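Protein chains in written order, with UniProt numbering: chain A, 1 to 270; chain B, 1 to 273. Reading through the structure tokens given below for one structure.
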Amino acid sequence: MEALVETMSSDLPRMVADGVTWMSSCLPFHLEDRVIHGHNSTYLVQGEHSSILVDTGNPSSWNIISATLDQLLDGRELTYVFPTHPELPHTGNLPRLVQKYPQVQVVGDIRDYHLFYPEIVPSLHARVPGDRIDLGGREFVVVEALIRDLPNTQWGFVPQAGVLFTADGFCYMHRPDLDDEDPVHLPGECGLTTGELSAPIAVENAAFFTGSALYWARFANDADQVYNRVLKLVDELGVTSAAPTHGNFITNVHAVEPIIRTGHKQAYRY
Amino acid sequence: MGIGVPRGIHVLEPARRAMKRSTAEAPNFGSGPDPLAGGRIHRLGGDILLDERVSWCPPGVRRRQPVSCYLVRGRSGSVLVDTGIRLHADQILRQLDRLLAPGEPLSIVLTRTEMECCLNLPAIEARFSVESVWYTGGITVPRAAAAARRVSVEPGSSLEVEVIDGVVLEFVSPLLRLLPTLWIFDPESGVLLTSDAFTHGTDAGADPRDGLRKFRWFTQADTRPIAHDVLRNVRNRQVAAIGPGYGVPFTGVAECAREAEGLAVAIFEMGGR
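Below is the structure:
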């Protein structure tokens, strides 16, 4: 496999909400004239008797993820994996996770997984929005993905922690502008929440991600419609934090949402 | 809506209704590889059961569907366009064994870095002499020693690339996509490999709308530029065959043009504008 290209901030893993631990590695994107970095996060939710891993991380970050799980689970088995959708950063370590934890249940919208990972078919368990998974003192609720690229995408929510796991929603490229030739992370920023960053998320970073990963935003001038639905969901569920796969953990959802919405609008170009 | 069919898109009823394909055109894809374009290109892979367990399956459909990758044969090396799904990994390795000479240089082009395109890379790289892996988009591909060749092609344009000695392919960046996508055109044979587009072909007929299941965002979008781009990409190249990542290929200049028109109309009509 590819040599390790991702690193984990020394600030991570980090418990960011009740029972929710943020694990992340940082993926470099090689552009023509520079390298930029983006988060590729996984989250571990632990209850009294069960645990669920949200997204699996890239295959190239397996060593980091495996070692971090050893540390966090402290000898216990991982009970569930919830891949939000079938792309490498979200599902790429599924076979290794099943090999490491033979009893683990892979839950979610599992369409296509039998084609991609035939060896884990016995571990696949379909779930639909509204389904609840008991972790012991905490629940993981499957939620419809309101922002997505692939059709078989789902979000998740932990009511006791108020955390909404948004996959590719609420994502942005992390590119502090030191200057054009040296756009690396500022020391320590990888592991900060949005409430701890020294400056708000830049709209252009949100637009960059949206125009690339959520390509449809270039053609659909529907940002207000989409994000009004998201805000309605946030209020209905009682969301206090959002956990995107690609971006800092969001502790101030209502402050960040207008930035992501504006970035989404900027991506519209045709 | 008060907006007519855009100029250049002609509603051809024959292209919109299911058309019976001749038995001679129906591929024998039980074990493959299946030659296209007189042997310059071979279709590799196998069939899946297209049913409700597959995200691109139209409602109520249950039938066999080929899922394919393609080998472009050069004089001193070959190019594999996509690597197939892991369900077919053993079959694809056997097909490559039959086609490639021992030690023959091989380059791989990924039309997308999605699961049905890249997951057999490690197995292929472990068995064959893979020099380079070409791809677009930001996802790190699971290669080992092969050189990573990331290319960026502005949507709506294309780029000619000598992928391996003597094999020049045109990387077409289509507007029809969910994620970063390349279509690969081989000027020598006239074959256009279209990844997750033109996926509606079956042995019994073809309804372009059946290939748009995964593009549900069209209903909220102005799809006219996308429809025009589909037409332009086929018409400008005198495409002799269309090889999709899944679904039965289309062969013949006239049929390819007809299918492009039918797909463009379906995209246009699905749009929300």
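Where is the CB? At the ideal position from N, CA and C, for every residue including glycine. Just so it is clear, the structure is predicted and the values come from calculations on it, not from any experiment.
Open item on the list: Contact criterion: CB-CB distance below 8 Å. Does M270 of chain B meet it with respect to chain A?
Closed with: Indexing the second sequence from 1 puts residue 270 of chain B at position 270. So, not an interface residue.
- [ ] Express the C-alpha separation of E257 of chain A and Q266 of chain A in angstroms, rounding to a whole number.
- [x] What you label residue 266 of chain A is simply residue 266 of the first sequence in a count that begins at 1. What you label residue 257 of chain A is simply residue 257 of the first sequence in a count that begins at 1. So the alpha carbons of these two residues sit roughly 14 Å apart.
TODO: Starting from L88 of chain A, follow the alpha helix (DSSP H) in both directions and report where the run begins and ends.
DONE: Translated into the one-based positions of the first sequence, residue 88 of chain A becomes position 88. Unbroken alpha helix (DSSP H) run through L88 of chain A: L88 to T91.
- [ ] Determine, using beta carbons only, whether E116 of chain B comes closer than 8 Å to chain A.
- [x] Looking up residue 116 of chain B in the second sequence gives position 116. By this cut-off, E116 of chain B is an interface position.
Open item on the list: Nearest by alpha-carbon distance to A221 of chain B: which of B:L263, B:V234, B:V248 and B:L176 is it?
Closed with: Taking the second sequence and counting its residues from 1, one reaches residue 221 of chain B at position 221. Comparing Cα positions, the closest option is B:L176.
Open item on the list: Closest to M80 of chain A by C-alpha separation, out of A:L72, A:L94, A:F116 and A:I52, would be which residue?
Closed with: Numbered from its first residue, the first sequence carries residue 80 of chain A at position 80. Met is not the amino acid found at residue 80 of chain A; the sequence shown has Tyr there. That would be A:I52, whose Cα lies nearest to the Cα of Y80 of chain A.
TODO: Taking E165 of chain A as part of the beta strand (DSSP E), name the residues at either end of that continuous run.
DONE: For the purposes of this step, residue 165 of chain A is taken as the residue at position 165 of the first sequence. Looking at the sequence shown, residue 165 of chain A is not Glu but Phe. Run containing F165 of chain A: V163 to A167, per the beta strand (DSSP E) assignment.
- [ ] Would you mind stating whether A17 of chain A and V253 of chain A have Cβ atoms separated by less than 8 Å?
- [x] The residue labelled residue 17 of chain A in the question sits at position 17 within the first sequence. The residue labelled residue 253 of chain A in the question sits at position 253 within the first sequence. No, Cβ-Cβ distance for A17 of chain A and V253 of chain A is not below 8 Å.
- [ ] Buried or exposed for D90 of chain B, please, with buried defined as at least 16 other CB atoms from any protein chain shown within 10 angstroms of its CB.
- [x] Counting from one through the second sequence, the residue named residue 90 of chain B turns up at place 90. Exposed.
Task: Contact under 8 Å by Cβ, D11 of chain A with C171 of chain A - done: Stepping through the first sequence from its first residue, residue 11 of chain A is reached at position 11. Stepping through the first sequence from its first residue, residue 171 of chain A is reached at position 171. No. Outside cutoff.
- [ ] Tell whether a beta-carbon distance below 8 Å holds between Y43 of chain A and M15 of chain A.
- [x] Along the first sequence, one-based indexing puts residue 43 of chain A at 43. Along the first sequence, one-based indexing puts residue 15 of chain A at 15. No, the pair does not count as a contact, with Cβ atoms beyond the cut-off.
TODO: Could you tell me whether the stretch 157-170 of chain B touches the stretch 113-121 of chain B, using the rule of 3 or more Cβ pairs below 8 Å?
DONE: no
TODO: Kindly list, in the order they appear in chain B, the residues whose Cβ is closer than 9 Å to that of L150 of chain A.
DONE: In the first sequence, counting from the first residue as 1, residue 150 of chain A sits at position 150. Going along chain B in sequence order, the residues near L150 of chain A (Cβ under 9 Å) are S55, E114, L178, L179 and K214.
- [ ] Would you kindly work out how many angstroms separate the C-alpha atoms of N120 of chain B and L93 of chain B, rounded to a whole number?
- [x] Residue numbering aside, residue 120 of chain B sits at position 120 when the second sequence is read from its first letter. Residue numbering aside, residue 93 of chain B sits at position 93 when the second sequence is read from its first letter. Distance between the alpha carbons of N120 of chain B and L93 of chain B is about 9 Å.
Task: Unbroken beta strand (DSSP E) run spanning L50 of chain B, endpoints - done: If you number the second sequence from 1, residue 50 of chain B lands on position 50. Start and end: I41 to L50.
Task: Segment contact flag, the stretch 236-256 of chain A with the stretch 149-169 of chain A, C-beta cutoff 8 Å, min 3 pairs - done: yes
Task: the stretch 78-94 of chain A contacting the stretch 51-68 of chain A, beta-carbon criterion three pairs below 8 Å - done: yes
Task: Below-8 Å beta-carbon distance, N58 of chain A vs any chain B residue - done: Counting from 1 along the first sequence, the entry for residue 58 of chain A is found at position 58. Output row for N58 of chain A: interface = yes.
TODO: Name the residue from B:T199, B:G201, B:L182 and B:P244 whose alpha carbon lies nearest to the alpha carbon of V109 of chain B.
DONE: One-based indexing of the second sequence puts residue 109 of chain B at position 109. It is B:L182 whose Cα lies nearest to the Cα of V109 of chain B.
Task: Contacting positions in the stretch 219-241 of chain B - beta carbon closer than 8 Å to chain A - done: Q220, A221, D222, T223, P225 and I226
Open item on the list: Assuming the contact rule is C-beta atoms closer than 8 Å, L231 of chain B and A254 of chain B should be a hit. Round their C-beta distance to whole Å, please.
Closed with: The sequence position of residue 231 of chain B within the second sequence is 231, counting from 1. The sequence position of residue 254 of chain B within the second sequence is 254, counting from 1. About 15 Å separates the two Cβ atoms, so there is no contact after all.
TODO: Please compile the residues from chain B whose C-beta is within a distance smaller than 9 Å of the C-beta of L88 of chain A.
DONE: Taking the first residue of the first sequence as 1, we reach residue 88 of chain A at position 88. Those within 9 Å of L88 of chain A in chain B are T113, E114, M115, C118, L119, I139, T140, V141 and P142.
TODO: Could you list the residues in the stretch 47-79 of chain B with a C-beta less than 9 Å from some C-beta on chain A, going in chain order?
DONE: I48, E52, R53, V54, S55, W56, C57 and V67
Open item on the list: For E181 of chain A, which residues in the same chain have their Cβ closer than 6 Å to its Cβ, ignoring the five residues on either side in sequence?
Closed with: Start at 1 with the first residue of the first sequence, and residue 181 of chain A comes out as number 181. For E181 of chain A, the predicted structure reports a pLDDT of 40, less than 50, and the residue's modelled location is therefore unreliable. The matter cannot be settled from this model.
Open item on the list: If you measure between the beta carbons of I65 of chain A and N93 of chain A, is that distance less than 8 Å?
Closed with: Walking along the first sequence from the start, residue 65 of chain A turns up at place 65. Walking along the first sequence from the start, residue 93 of chain A turns up at place 93. In this structure, N93 of chain A lies closer than 8 Å to I65 of chain A by Cβ.
- [ ] Would you identify the three-state DSSP class for P176 of chain A, choosing helix, strand or coil?
- [x] On the first sequence, residue 176 of chain A is found 176 positions in, with the first residue counted as 1. Any reading at P176 of chain A needs caution, since the residue's pLDDT is 47, under 50, leaving its predicted position unreliable; the model's value is listed next. Note: P176 of chain A maps to coil in three-state DSSP.
Open item on the list: I want to know whether the stretch 186-193 of chain B touches the stretch 238-257 of chain B - three or more CB-CB distances under 8 Å.
Closed with: yes
Task: Identity of the residues DSSP links to G201 of chain B by a beta bridge - done: For this step, residue 201 of chain B is matched to residue 201 along the second sequence. DSSP output for G201 of chain B lists B:A206 as bridge partner(s).
Task: Host alpha helix (DSSP H) of A89 of chain B (start-end) - done: Locating residue 89 of chain B in the second sequence gives position 89, counting from the first residue. Where A89 of chain B is concerned, the enclosing alpha helix (DSSP H) stretches over A89 to L99.
Task: Residues from the stretch 112-144 of chain A in contact with chain B, defined by Cβ distance under 7 Å - done: D112, H114, L115, F116, Y117 and P118
Open item on the list: With H, G and I counted as helix, E and B as strand and the rest as coil, what does DSSP make of C256 of chain B?
Closed with: For the purposes of this step, residue 256 of chain B is taken as residue 256 along the second sequence, with counting starting at 1. Helix at C256 of chain B.
Task: Any chain B beta carbon closer than 8 Å to W216 of chain A - done: Your numbering for residue 216 of chain A matches position 216 in the first sequence. Yes, W216 of chain A counts as interfacial toward chain B.
- [ ] Just mark T202 of chain B as buried or exposed, buried being the case when its beta carbon has 16 or more other beta carbons within 10 Å.
- [x] Position 202 of the second sequence, counting from 1, holds the residue named residue 202 of chain B. Counting Cβ neighbours within 10 Å, T202 of chain B comes out buried, since at least 16 surround it.
Open item on the list: Against chain A, which members of the stretch 80-107 of chain B pass a CB distance test of less than 7 Å?
Closed with: I85, R86 and L87
Open item on the list: I'd like to know whether the C-beta of A266 of chain B is nearer than 8 Å to at least one C-beta of chain A.
Closed with: Within the second sequence, residue 266 of chain B is the residue found at index 266, counting from 1. For A266 of chain B, the answer is no, since every Cβ of chain A falls outside 8 Å of its Cβ.
Task: Buried or exposed by the 16-neighbour rule on C-beta atoms within 10 Å, applied to G137 of chain A - done: Here residue 137 of chain A refers to the residue found at position 137 of the first sequence. So G137 of chain A ends up on the exposed side.
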